[in-house]
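Chains as they are written, first to last, in our numbering: chain F, 1 to 235; chain C, 1001 to 1263. Everything below concerns the one structure shown next.
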Amino acid sequence: MQDFGDAFGLAFALVLARDGDLMEIIGLSLRVSLCAMLVSSAIALPFGALVAISRFSGRGAVIVLMNALMGLPPVVVGLLVYLLLSNAGPLGSLGLLYTPSAMIIAQSILITPIIAALARQVIEDLHVEYAEQFRSLCVPVRTAIGALLWDARYSLLTVALAGFGRAIAEVGAVIIVGGNINHLTRVMTTAIALETSKGDLALALALGMVLLAIALVVNAGVMALRSTATRVAYA
Amino acid sequence: MLSASHPLHATAGTGQARERTKAGGGAMEALLPGEVHDLSLEVQGKRLIDGVNLRITGGQITVVMGPNGAGKSLLLRLLHGLIAPTTGDISWAGRQLTEAVRSRQAMVFQRPVLLRRSVAANVDFVLKLRGIGSAERRDGILEHARLSESANQPARLLSGGEQQRLALARALAMEPGVLFLDEPTASLDPASTLLIEEMVRTAHGRGTKIIFVTHDIGQARRLADEVVFLHRGQVQEHTSAEEFFAAPNSDAARDYLAGRILL
Ligand SMILES: Nc1ncnc2c1ncn2[C@@H]1O[C@H](COP(=O)(O)OP(=O)(O)O)[C@@H](O)[C@H]1O
Ligand SMILES: [Mg+2]
């Protein structure tokens, strides 16, 4: 068992040297989670907006469900996607299991409820403000949704980034559907789990540091965005 | 008499009135008269609008007056179809408040609701909605509202008066046949108030039917051709402005004009 300080030193060295394996793992993590964020946003933002501005029976139940699904356990999502994509599953013929695509699908499912639920709240707040004016102007529903999404874009970007943060930090889903295959489906979280269990704390720590740095950068970005939006009175 | 009381009106109003007729100001014919029969609104057992009958014709600025809580805002919302009455009916030129009718009307609220966009984009939004968007048209509208300088600023950074001018300009951009204004100057300073009144008069001169709610007696005197006086959800008077201010018929209106508070 290595000494903690040694591991830390090695980790820094790896990061500074832009170690090839390390870069590959980081690159794949970013690619998978960014794709998941885009896919989820494309589905969840319009859906959240639609729920925010419509009144239908069962709306309360839909909102409760969306909020409940925010806490979806990653391993359960992984298991479901595994069942879908495995050879015996309905989508088995696509041959997606143990590929980055499978990981994108799993992470998308994981964060779609998060983005939808948060977006619903953001858009509903704005809609309270706009509703009567829109009604007066006879704004069609589709135009209203477009306008709400556009005018809430700064807040919605922070919502999407929250989804990204959740996706890149989860391990349960990607390890099941990706399989943590070296040079193919190994991402930061699965690598950390593996290297830790092997006792290679340096690589695990290095990856952990990068993961933390990404979290910091994303949050700083969110804050900068918020303050810009407030300053120009768009928020 | 009205033109004389406002120097800007005489020049701006008449010229544009002619222009409008030429451009085919079919708006008035299409929507007027507005007719209201036995209109009532009850919310949780409270009768907020109580048996209102009204006939709204073109050619005059109609000012709706009454103390706070009289139901002025509710009446306007009913007339514009923003809320549905409990009983009674409303028609514009014999037609119910369908989307087609409602889209020919516009409303300016007491607190302007501006999109979180630039001043110009706020106007573009409605122009595009009506399928009449063009940069020249938008620039003309901003010019008219004296907002050209702030075209690219976020709308919400405007002063209160500028925000309300933008809301009014945006409403007028739709070239409505009927324009409702719900105490648009209630929180503005006198100079901003006069600018709004000038824009309203110009719109009137162009053939838009104006229905203006105010509790400011001075403003009513400046603007009104006819007055609808509302009290406790009922129309107490509906007469010419001259008659209303000279010799109000109802006790409620007399008390109101004398500055005695009504409950
Ligand atoms: N949504 C509502 N629910 C219940 N009461 C309302 C509602 N809106 C207005 N009222 C009441 O109706 C009365 C008339 O309101 P309003 O039309 O806003 O008066 P005003 O003449 O000052 O514009 C007031 O007593 C107000 O409290
Ligand atoms: Mg009111």
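Built from N, CA and C at the ideal position, the CB exists for glycine as well.
The beta carbon of C:Gln-1219 lies closer than 6 Å to none in the same chain, with the five residues before and after it left out.
Apart from sequence neighbours up to five positions away, the residues of its chain that approach F:Ile-175 with a beta-carbon distance below 6 Å are Thr-190, ordered along the chain.
For C:Ser-1240, the Cβ stays outside the 7 Å cut-off from all heavy atoms of ligand 2. In the DSSP assignment, F:Val-218 falls outside any beta strand (DSSP E) and within the unbroken alpha helix (DSSP H) covering 201 to 231. Burial is judged here by how many other beta carbons sit within 10 angstroms of a residue's own beta carbon; C:Thr-1057 has fewer than 16 and is exposed. DSSP, reduced to helix, strand and coil, places F:Asn-180 outside both helices and strands of the structure shown, so it counts as coil. Assignment of beta strand (DSSP E) within the segment 1073 to 1151 of chain C, counting only whole runs of 3 or more residues, yields 1087 to 1092, 1105 to 1108 in chain order. Separation of C:Val-1123 and C:Leu-1166 (C-alpha to C-alpha, rounded to the nearest whole angstrom) is 8 Å. Following the DSSP letters along the chain, one finds F:Gly-163 inside the alpha helix (DSSP H) bounded by residues 153 to 169. Put simply, the backbone Cα of F:Asn-180 is about 36 Å away from that of F:Ala-49. The nearest non-hydrogen atom of ligand 2 is 7 Å or more from the C-beta of F:Glu-132. At least 8 Å separates the CB of C:Ala-1186 from every CB of chain F. Taking 8 Å as the cut-off, the beta carbon of F:Leu-201 is found closer than this to the beta carbon of F:Ala-7.
Rounded to whole angstroms, the gap between the alpha carbons of F:Val-232 and F:Ala-13 is 42 Å. Near chain C, meaning a CB-to-CB distance below 9 Å, the residues of the segment 138 to 151 of chain F are Cys-138, Val-139, Pro-140, Thr-143, Ala-147, Trp-150, Asp-151. Here C:Gln-1060 carries a coil assignment [DSSP, helix/strand/coil].
Distance from F:Val-210 to F:Val-32 at the Cβ level is roughly 15 Å; contact not present, criterion being Cβ atoms closer than 8 Å.
No residue range can be given for F:Ser-93, since it is assigned to no alpha helix (DSSP H) and is classified by DSSP as neither H nor E. Taking a contact to require three or more Cβ pairs closer than 8 Å, the segment 140 to 158 of chain F and the segment 46 to 66 of chain F qualify as touching. Within the same chain, Cβ atoms closer than 6 Å to the Cβ of C:Val-1178 are found at Leu-1031, Gln-1105, Lys-1209, the five residues on either side in sequence being excluded.
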